[in-house]
Amino acid sequence: VSSADAAALAARKYMPPTVVALEGVEGLTLPTVRVDHTAAAVSATKHLIDLGHTRIAHIAGPQLSPMARHRHEGFLNTLRNFSPERASGQIAQGQSTVESGAAAMRELLDSPMLKTAVFAPIPSASVKMTVMVNPGDLRS
588 VSSADAAALA
598 ARKYMPPTVV
608 ALEGVEGLTL
618 PTVRVDHTAA
628 AVSATKHLID
638 LGHTRIAHIA
648 GPQLSPMARH
658 RHEGFLNTLR
668 NFSPERASGQ
678 IAQGQSTVES
688 GAAAMRELLD
698 SPMLKTAVFA
708 PIPSASVKMT
718 VMVNPGDLRS
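First residue of the sequence shown: 588, per our numbering; consecutive thereafter.
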């Protein structure tokens, strides 16, 4: 939502019942349901470490997205805190489309760095990733 849109909404005398999900709208005071994306990324990455994965790659979301930044921070912090030797996990940049998820996954698969798991918190990237990965693409 742009600042102009937020201002237009704020100026309305009547607004239908509205709840904002995931991210707040700057300039508007609306009920908001939030997700702690950092904690979610920590939990997911820790789960992969607990399963024994030793080289975890990450498909990061759009750099301007607060959600993606928080997920990326959670991923990196977890590697540093729970597995410092793995703190240089490979990162591919994705966007919020199936095509960008596929391109990011292709980048990871074509890289000479071996991976045992990929943390892909972007739904479109995750779905495409499961279709693209063959046995032996990720290995220990």
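We treat Cβ as the ideally placed atom computed from N, Cα and C, and that holds for glycine.
In this text, all values refer to a predicted model and were calculated from it rather than measured experimentally.
Residue pairing for Ala704: DSSP places it in a beta bridge opposite Ile643.
Considering only Ala627, Gly681, His640, the residue with the shortest C-alpha distance to Gly661 is Ala627. Per DSSP, the beta bridge partners of Ala679 are Ile646.
Judged by DSSP secondary structure, Arg621 falls within the beta strand (DSSP E) whose first and last residues are 619–621. Assigned with DSSP and collapsed to three states, Val607 falls in strand. Excluding the 5 residues flanking it on each side, Ala691 has same chain C-beta neighbours closer than 7 Å at Ile646, Ala679, Gln680, Gly681, Ala712, in chain order. Excluding residues up to 5 positions away in sequence, Thr605, Val606, Val607, Gly611 lie with their Cβ nearer than 8 Å to the Cβ of Leu617 in the same chain.
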